[in-house]
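J.: At position 50 of the sequence shown the residue is numbered 49 (numbering that gives the first Met the number 0), and the sequence of numbers has no breaks.
I'd like to ask you about the structure that follows.
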Amino acid sequence: MLTGTHIRAGKTMALALWAAAFATLAAAQEPSLPEILARLEDPAQHERESAKADLAAHGGDLSRLLRQAMAGAGDHLKAELLEVAQVRADAALVDSAARLLGHDDGRLAAAARAYLLALDKNSLVLQGEPDESTRRHWADFLDYRRQFFIARELIAAYLLPGKYFGQFDALYRAEAEGLDARLLALVSLEARYGEALTDAVAARLAQGPQTSEYTRNARLRRMSNPAAVKAAYRLASLDRADESVAAAMADLGSSALISSLYFIQDLRVTAVRALAHSAAPDDVADRLAALHAESSRDYRDETLRRSLDQEALREEMEVVLARFGRPDLLEARIDRQRKRYVRDAGAEVSVPSRLSLEVELQVRNDVAYLYLRAGDAAAAEREWTSTAEYASSRLAGSTGRARSSLASSLGAIYYNLACAQSRLCKTSRAIVSLVRSVEFGYADFAWMLEDGDLAELRGTRAFHDWFSRVAPPAVADRLVAGR
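So this is what it looks like as structure tokens:
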């Protein structure tokens with residue numbers, strides 16, 4: 000009779016033998032890499048897609064295999080191999096892709112560019128000595144890639160629910176060389192920027208909506224049609240509708256074109272905002288001053304005159320010029336804004352009192368925000384403090400819808416005041432203002448974790464304790480997890 004130990008040992012050996020046999024059988028049944036590569040040329044699309052999925056999921060290093068396969072592949076197989084390398088973020092085919100950038104087959108050239116565009120910048124190094132044609136197409140691609148990357152970063156900033164200092168620091172670190180000139184090219188609507196911008200829009204849309212952006216974010220809806228963006232940019236850069244623009248308008252409709260024009264103008268404003276980070280403020284200020292003067296002219300095209308908000312563009316230029324030590328234009332704008340609510344005691348109000356108060360609070364808020372954007376957080380704090388006190392005094396005697404409207408305005412005012420105080424490192428005051436903003440209905444807790452103007456406040460224990468108590472659990476968990 001076997002002892003328990005002998006029985007367990009026998010069972011263990013049997014299981015080991017069975018597992019080894021199963022692994023051998025599985026290995027025999029699993030298709031080899033050459034077999035998978037062969038399926039990439041199968042006439043059936045589902046077989047090709049299956050093969051690409053198998054290669055993309057392969058756990059080993061396929062760099063050598065991809066290079067060998069690429070060397071003897073036909074044009075169709077080359078496109079499939081580029082897609083596999085793109086999904087795997089494998090830089091093995093950089094030289095091959097560079098040679099294909101100028102290929103007569105547009106699909107193959109597009110596949111090469113898409114693959115190279117998906118790689119990290121540090122991977123874009125040619126190992127061999129390219130011929131003259133490849134060298135020219137490679138230089139064109141690197142120029143296009145910089146424009147695409149900049150457009151992508153501007154779109155990401157444009158889609159955020161707010162603005163803050165330091166928003167473009169990463170962009171200037173990644174693409175410092177020539178960035179000022181490229182941003183100014185977009186502001187100036189230079190035609191060469193159109194392709195990269197259109198492709199960046201398509202790439203962002205391909206990511207799909209995030210947190211129901213399509214329903215809550217009007218900005219995203221403005222850029223929802225890449226073909227319309229392409230036509231709108233061409234119209235804006237030419238200041239007239241040529242045959243291609245007219246055909247696009249007939250195909251897409253004028254509403255799609257106008258929506259895309261709104262987007263393009265908003266992105267120009269975003270590009271001006273990014274220029275505030277320039278390390279050459281005098282040069283940029285000279286260009287912006289010239290563009291500011293040009294922006295006062297009317298467009299010849301009626302659609303452009305109706306759709307491009309030049310006032311918003313001029314305002315952003317004035318803010319950046321003030322940050323660069325040229326405040327005259329911004330100070331004149333602030334003076335004009337103040338005159339809208341600083342009235343003589345005997346002046347008559349020609350609109351209903353509730354509406355008049357809403358407009359006045361908005362103008363006061365805009366003035367404070369201009370100061371903050373121009374870098375004068377102390378002046379912004381004074382303006383928002385005064386506005387909050389004024390609105391609170393009016394709230395005491397308000398009822399019904401007027402009271403609800405005032406409370407909503409106070410929520411935004413106190414939030415902005417908290418931002419200014421945080422930038423001034425007055426974190427004790429900032430947390431009080433932030434608490435007040437939530438008491439009056441401000442509820443974008445997710446943005447509180449992203450807003451760069453609240454960075455100083457977010458680093459305090461008071462903020463962590465308060466946020467953990469009042470924020471929705473899913474958002475509060477992000478703070479705890481450091482996200």
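Positions of the beta carbon are idealized from the N, C-alpha and C atoms, including for glycine.
For LEU256 and ALA230, which I take to be in contact (beta-carbon distance under 8 Å), what is that distance rounded to the nearest angstrom?
T.: Residue numbering aside, residue 256 sits at position 257 when the sequence shown is read from its first letter. Residue numbering aside, residue 230 sits at position 231 when the sequence shown is read from its first letter. About 6 Å separates the two Cβ atoms, so the contact holds.
J.: Cα separation between SER295 and PRO160?
T.: Sequence index remark: in the sequence shown, residue 295 carries index 296 (1-based). Sequence index remark: in the sequence shown, residue 160 carries index 161 (1-based). Cα to Cα, SER295 sits roughly 28 Å from PRO160.
J.: Going by other Cβ atoms of all chains shown within 10 Å of its Cβ, with 16 needed for buried, is ASN364 buried or exposed?
T.: The residue given as residue 364 occupies position 365 in the sequence shown. Its Cβ being crowded by 16 or more others within 10 Å, ASN364 is buried.
J.: Cutting at 7 Å between CB atoms, please list the residues of its own chain near VAL318, excluding the five before and the five after it.
T.: Along the sequence shown, one-based indexing puts residue 318 at 319. Result list for VAL318: LEU329, LEU369, ARG372, ALA373, in chain order.
J.: Is it buried or exposed, PRO42, if we count other Cβ atoms within 10 angstroms and call 16 or more buried?
T.: Counting from 1 along the sequence shown, the entry for residue 42 is found at position 43. Its Cβ having fewer than 16 others within 10 Å, PRO42 is exposed.
J.: Please state whether DSSP places PRO472 in a helix, a strand or coil.
T.: Stepping through the sequence shown from its first residue, residue 472 is reached at position 473. Looking at PRO472 - three-state DSSP - the assignment turns out to be helix.
J.: For SER31, count the other beta carbons within 10 Å of its own beta carbon; 16 or more makes it buried, fewer makes it exposed. Which is it?
T.: Position 32 of the sequence shown, counting from 1, holds the residue named residue 31. Under this definition SER31 is an exposed residue.
J.: For HIS57, report the span of its alpha helix (DSSP H) as first-last.
T.: Position 58 of the sequence shown holds residue 57. Segment: none, HIS57 is in no alpha helix (DSSP H) and carries neither H nor E.
J.: Look at the alpha carbon of PHE148 and the alpha carbon of VAL268, and state the distance between them as a whole number of angstroms.
T.: The count along the sequence shown starts at 1 and reaches residue 148 at position 149. The count along the sequence shown starts at 1 and reaches residue 268 at position 269. Taking the straight line from one Cα to the other gives about 17 Å.
J.: Is TYR163 near ASP464, with beta carbons less than 8 Å apart?
T.: Locating residue 163 in the sequence shown gives position 164, where the first residue counts as 1. Locating residue 464 in the sequence shown gives position 465, where the first residue counts as 1. No, Cβ-Cβ distance for TYR163 and ASP464 is not below 8 Å.
J.: DSSP three-state call for GLN206: helix, strand or coil?
T.: Locating residue 206 in the sequence shown gives position 207, counting from the first residue. If DSSP states are grouped into helix, strand and coil, GLN206 belongs with coil.
J.: With a threshold of 16 other CB atoms inside 10 Å of the CB of LYS338, please say whether the residue is buried or exposed.
T.: As a working mapping, residue 338 is identified with position 339 in the sequence shown. An exposed status is given to LYS338, since fewer than 16 other beta-carbon atoms sit within 10 Å of its beta-carbon.
J.: Mind checking GLU315: buried by the 16 CB within 10 Å criterion, or exposed?
T.: In the sequence shown, residue 315 corresponds to position 316, counting from 1. With 16 or more other Cβ atoms within 10 Å, it is buried.
J.: As a quick exercise: from LEU81, GLN166, GLU34, GLU48, pick the residue whose alpha carbon is nearest that of ALA109.
T.: Here the question's residue 109 lines up with position 110 in the sequence shown. When only C-alpha atoms are compared, the closest one is LEU81.
J.: Do you know whose CA, among ASP327, LEU116, TYR143, GLY165, lies nearest VAL93's CA?
T.: For the purposes of this step, residue 93 is identified with residue 94 of the sequence shown, where counting begins at 1. If we check each option's Cα against that of VAL93, LEU116 comes out closest.
J.: Could you tell me which of ALA311, ALA201, ASP142, ARG87 sits nearest to HIS57, measuring between CA atoms?
T.: Here residue 57 is taken as the residue at index 58 of the sequence shown, counted from 1. Nearest C-alpha to HIS57: ARG87.
J.: Could you give the distance in angstroms between the alpha-carbon of LEU266 and the alpha-carbon of MET248?
T.: For the purposes of this step, residue 266 is taken as the residue at position 267 of the sequence shown. For the purposes of this step, residue 248 is taken as the residue at position 249 of the sequence shown. Rounded to the nearest angstrom, the two C-alpha atoms are 21 Å apart.
J.: Roughly how many angstroms separate the alpha carbons of ALA97 and ASP198, rounded to a whole number?
T.: Walking along the sequence shown from the start, residue 97 turns up at place 98. Walking along the sequence shown from the start, residue 198 turns up at place 199. When only Cα atoms are considered, ALA97 and ASP198 end up about 19 Å apart.
J.: To the nearest angstrom, report how far apart PRO471 and PHE444 are at their CA atoms.
T.: Looking up residue 471 in the sequence shown gives position 472. Looking up residue 444 in the sequence shown gives position 445. Roughly 8 Å between the two C-alpha positions.
J.: Can you list, in chain order, the residues of its chain whose CB lies under 6 Å from that of ASP308, leaving out five sequence neighbours each side?
T.: Along the sequence shown, read from residue 1 onward, the residue named residue 308 stands at position 309. GLN264.
J.: When the distance is taken between beta carbons, is TYR340 closer than 8 Å to GLU357?
T.: Taking the sequence shown and counting its residues from 1, the one referred to as residue 357 is at position 358. Taking the sequence shown and counting its residues from 1, the one referred to as residue 340 is at position 341. Contact flag unset, no.
J.: Please classify GLU493: does DSSP put it in a helix, a strand, or coil?
T.: The requested residue 493 does not occur in the structure, where the chain is confined to residues 0 to 482.
J.: Indicate whether the contact test is met: 3 or more Cβ pairs, each with one atom in the stretch 395–414 and one in the stretch 433–448, closer than 8 Å.
T.: yes
J.: In three-state terms, what does DSSP make of GLN126?
T.: The residue labelled residue 126 in the question sits at position 127 within the sequence shown. In this structure, GLN126 counts as coil in the three-state DSSP scheme.
J.: How far does the alpha helix (DSSP H) with LEU328 in it reach, from first residue to last?
T.: As a position in the sequence shown, residue 328 is number 329, starting the count at 1. Counting along the chain, the unbroken alpha helix (DSSP H) around LEU328 starts and ends at 327–337.
J.: Where do the N-terminal and C-terminal ends of the alpha helix (DSSP H) with ALA186 fall, by residue?
T.: Against the sequence shown, residue 186 aligns to sequence position 187. For clarity, residue 186 is Val in the given sequence; the question names Ala instead. Segment 178–186, the alpha helix (DSSP H) holding VAL186.
J.: Once the 5 residues before and after ARG151 are set aside, which same chain residues still bring their CB inside 8 Å of it?
T.: As a working mapping, residue 151 is identified with position 152 in the sequence shown. Here the set comprises ALA199, ALA202, ARG203.
J.: Below 8 Å on the Cβ atoms is my contact criterion, and I expect THR459 with LEU416 to pass it. Report the Cβ-Cβ distance as a whole number of Å.
T.: As a first step, residue 459 must be located in the sequence shown, where it is residue number 460. As a first step, residue 416 must be located in the sequence shown, where it is residue number 417. That belief does not hold up - the Cβ atoms of THR459 and LEU416 are roughly 17 Å apart, past 8 Å.
J.: Between LEU54 and VAL83, is the Cβ-Cβ spacing less than 8 Å?
T.: As a first step, residue 54 must be located in the sequence shown, where it is residue number 55. As a first step, residue 83 must be located in the sequence shown, where it is residue number 84. Yes, the Cβ-Cβ distance between LEU54 and VAL83 is below 8 Å.
J.: From ALA376 to GLN420, what distance separates their C-alpha atoms?
T.: Numbered from 1 along the sequence shown, position 377 holds the residue referred to as residue 376. Numbered from 1 along the sequence shown, position 421 holds the residue referred to as residue 420. Going by the C-alpha atoms only, they are around 8 Å apart.
J.: Using the beta-carbon count (16 or more within 10 Å), is SER427 buried or exposed?
T.: The residue labelled residue 427 in the question sits at position 428 within the sequence shown. Under this definition SER427 is an exposed residue.
J.: Three or more C-beta pairs under 8 Å: does that hold for the stretch 129–148 against the stretch 171–187?
T.: yes
J.: Use the C-beta contact count for CYS424: other C-beta atoms within 10 angstroms, 16 or more gives buried, fewer gives exposed.
T.: One-based indexing of the sequence shown puts residue 424 at position 425. The residue is exposed, with fewer than 16 neighbouring Cβ atoms inside 10 Å.
J.: What residue ranges within the stretch 352–381 form continuous alpha helix (DSSP H) runs of no fewer than 4 residues, ordered along the chain?
T.: 352–372
J.: Could I get the ranges of all uninterrupted alpha helix (DSSP H) runs contained in the stretch 421–463, with 4 residues as the minimum, in chain order?
T.: The DSSP assignment places complete alpha helix (DSSP H) segments of no fewer than 4 residues inside the stretch 421–463 at 426–438, 444–447, 454–457, in order along the chain.
J.: Quick one: Cα of LEU494 to Cα of CYS418, how far?
T.: Here the chain comprises residues numbered 0 to 482, so residue 494 is not present and cannot be evaluated.
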